[in-house]
Amino acid sequence: GNSVTQMEGPVTLSEEAFLTINCTYTATGYPSLFWYVQYPGEGLQLLLKATKADDKGSNKGFEATYRKETTSFHLEKGSVQVSDSAVYFCALPSGAGSYQLTFGKGTKLSVIP
Amino acid sequence: DTGVSQDPRHKITKRGQNVTFRCDPISEHNRLYWYRQTLGQGPEFLTYFQNEAQLEKSRLLSDRFSAERPKGSFSTLEIQRTEQGDSAMYLCASSPLHAEYEQYFGPGTRLTVT
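If you read the protein sequences in the order shown, they are chains A and B. For the first sequence, the working numbering begins at 1 and goes up steadily by one. For the second sequence, the working numbering begins at 114 and goes up steadily by one.
Quick look at the structure:
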């Protein structure tokens with residue numbers, strides 16, 4: 001089945017720093033790709049998605065571009081805030097015709113003032 | 114929109130006991146998913162329902178685990194004869210019919226088996 005490898009954390013940044021969290025995938029075909037975020041004490045939330053190659057997903061100042069050449073979907077933000085402190089998960093469908101998602105291990109981001 | 118709710122939020126049980134968790138999805142969502150998450154890992158898929166039909170089950174779901182979704186509304190996940198390895202966060206998610214990967218997660222039930 002499909003799989004995802006995600007940059008391990010934790011990552012600690014100062015406020016207004018640039019963020020990159022790396023995610024690479026192995027998949028049959030070109031499935032949709034997702035970033036989910038889990039804020040402390042809350043359930044996972046869909047942050048952004050891209051449904052085909054070269055698509056850019058964006059939300060709340062975060063962006064990720066679906067790059068089939070490098071099989072990557074790196075998450076970026078130009079200027080992080082303390083409120084961005086959370087665990088970020090890269091995910092993709094487990095296989096063709098399956099509705100289950102396969103998640104990366106998660107990257108914990110801490111932003112300090 | 115009240116979101117996905119799960120009950121209880123925490124459960125401590127002794128090895129060998131049975132436990133049952135409940136999930137109430139977002140009301141208009143046809144699809145419901147159960148995942149398990151252990152410390153430092155991403156969620157791992159357990160099972161999936163479309164309305165009341167259980168359509169996918171992971172190999173992780175041993176015969177001690179059973180899930181139901183009567184009437185296509187709330188769902189229960191039961192673990193029989195719990196083992197210490199069952200200690201984890203159990204997550205429920207739901208999605209609308211035509212956006213199956215846009216899954217809305219509940220806060221989870223943390224199970225500790227002593």
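Here a beta-carbon is modelled for each residue, glycine too, at the ideal position from N, C-alpha and C. From a predicted model like this one, the values you see are computed outputs, not experimental measurements.
### Host beta strand (DSSP E) of B/ASP176 (start-end)
Within the second sequence, the letter at position 63 stands for residue 176 of chain B. Counting along the chain, B/ASP176 falls outside any beta strand (DSSP E), and DSSP gives it neither H nor E.
### Query
When Cβ atoms are compared, which residues of the stretch 90 to 108 of chain A fall closer than 8 angstroms to chain B?
ALA91, PRO93, SER94, SER98, TYR99, GLN100, LEU101, THR102, PHE103, GLY104, LYS105 and GLY106
### Message
8 angstroms is my cut-off, CB to CB: does A/GLY29 come that close to chain B?
### Response
Here residue 29 of chain A refers to the residue found at position 29 when the first sequence is read from its first residue. Judged by the 8 angstroms Cβ criterion, A/GLY29 is not in contact with chain B.
### Query
Which stretch, first to last residue, makes up the beta strand (DSSP E) that contains A/MET7?
Locating residue 7 of chain A in the first sequence gives position 7, where the first residue counts as 1. Careful: A/MET7 lies outside any beta strand (DSSP E) and carries neither H nor E.
### Task
Note down, in chain order, each residue of its chain lying with its Cβ closer than 6 angstroms to the Cβ of A/GLY29, except the 5 sequence neighbours on either side.
Residue 29 of chain A sits at position 29 when you count from the first residue of the first sequence. Same-chain partners within the cutoff: there are none.
### Task
Can you say whether B/GLU213 is buried or exposed, counting buried as having 16 or more other CB atoms within 10 angstroms of its CB?
As a first step, residue 213 of chain B is located in the second sequence; it is residue number 100 there, counting from the start. Per the 10 Å Cβ criterion, buried.
### Query
In the structure shown, what three-state DSSP assignment does B/LYS184 receive?
Against the second sequence, residue 184 of chain B aligns to sequence position 71. Here B/LYS184 sits in helix by DSSP.
### Task
Report yes if the C-beta distance between A/LEU33 and A/PHE73 is below 8 angstroms; otherwise report no.
Indexing the first sequence from 1 puts residue 33 of chain A at position 33. Indexing the first sequence from 1 puts residue 73 of chain A at position 73. Closer than 8 angstroms, so yes.
### Query
Which one of A/TYR25, A/VAL11, A/PHE103 and A/GLU16 has the shortest CA to CA distance from A/GLY78?
Locating residue 78 of chain A in the first sequence gives position 78, where the first residue counts as 1. Taking only the C-alpha atoms, the option nearest A/GLY78 is A/GLU16.
#### Entry: Inter-residue spacing [alpha-carbon to alpha-carbon] between B/HIS211 and B/THR227
On the second sequence, residue 211 of chain B is found 98 positions in, with the first residue counted as 1. On the second sequence, residue 227 of chain B is found 114 positions in, with the first residue counted as 1. Cα to Cα, the separation comes out at about 41 angstroms.
### Message
For B/GLU191, would you say it is in contact with chain A, using Cβ-to-Cβ distances shorter than 8 angstroms as the test?
### Response
Working through the second sequence from its first residue, we reach residue 191 of chain B at position 78. False, the Cβ-Cβ gap to chain A never drops below 8 angstroms.
### Task
Report yes if the C-beta distance between B/ILE139 and B/SER188 is below 8 angstroms; otherwise report no.
The residue you call residue 139 of chain B lines up with position 26 of the second sequence. The residue you call residue 188 of chain B lines up with position 75 of the second sequence. No, they are not a contact pair.
### Query
Sorted by chain position, which residues of the same chain lie with C-beta nearer than 8 angstroms to A/THR71's C-beta, five sequence neighbours on each side aside?
Working through the first sequence from its first residue, we reach residue 71 of chain A at position 71. Closer than 8 angstroms at the Cβ level, and outside the excluded window around A/THR71, lie THR24, TYR25, THR26 and ALA27.
### Query
Alpha carbon to alpha carbon, what distance is there between B/PRO220 and B/GLN119?
Position 6 of the second sequence, counted from the start, is the residue given in the question as residue 119 of chain B. Position 107 of the second sequence, counted from the start, is the residue given in the question as residue 220 of chain B. Going from the Cα of B/GLN119 to the Cα of B/PRO220 covers about 7 angstroms.
### Nearest residue (CA-CA) to B/PRO209, options B/LYS184, B/TYR203, B/ASN164 and B/ARG135
Translated into positions along the second sequence, residue 209 of chain B becomes position 96. Closest option to B/PRO209, Cα to Cα, is B/ASN164.
### Contact with chain B by A/SER32, beta-carbon distance below 8 angstroms
The count along the first sequence starts at 1 and reaches residue 32 of chain A at position 32. Yes, its Cβ sits closer than 8 angstroms to a Cβ of chain B.
### Query
When you check each C-beta in the stretch 207 to 225 of chain B against every C-beta of chain D, which residues fall closer than 7 angstroms?
Within the model displayed, chain D is absent; protein chains A and B are what it includes.
### Query
At a Cβ cut of 8 angstroms, what residues of the stretch 63 to 90 of chain A count as close to chain B, listed as they run along the chain?
PHE89
### Query
Would the stretch 81 to 100 of chain A and the stretch 1 to 8 of chain A be scored as touching if the rule is three or more Cβ pairs under 8 angstroms?
yes
### Query
Looking at C-alpha atoms only, which residue of B/ARG149, B/ARG182, B/ALA166 and B/GLN216 is the closest neighbour of B/SER175?
Walking along the second sequence from the start, residue 175 of chain B turns up at place 62. Among B/ARG149, B/ARG182, B/ALA166 and B/GLN216, the Cα nearest to that of B/SER175 is on B/ARG149.
### Task
Closer than 8 angstroms by C-beta to A/PRO40: which residues in its own chain qualify, once you throw out the five before and the five after it? Chain order, please.
Numbered from 1 along the first sequence, position 40 holds the residue referred to as residue 40 of chain A. Excluding sequence neighbours, A/PRO40 sits near SER85 and ALA86.
### Message
To the nearest angstrom, how far is the alpha carbon of A/PHE62 from that of A/LYS49?
### Response
Along the first sequence, read from residue 1 onward, the residue named residue 62 of chain A stands at position 62. Along the first sequence, read from residue 1 onward, the residue named residue 49 of chain A stands at position 49. Each residue's alpha carbon lies about 11 angstroms from the other.
### Query
Can you name the residues that DSSP bridges to B/GLU169?
Against the second sequence, residue 169 of chain B aligns to sequence position 56. In DSSP, B/GLU169 forms a bridge with B/TYR161.
### B/GLY221 (DSSP reduced to helix, strand or coil)
Residue 221 of chain B sits at position 108 when you count from the first residue of the second sequence. Coil at B/GLY221, not helix or strand.
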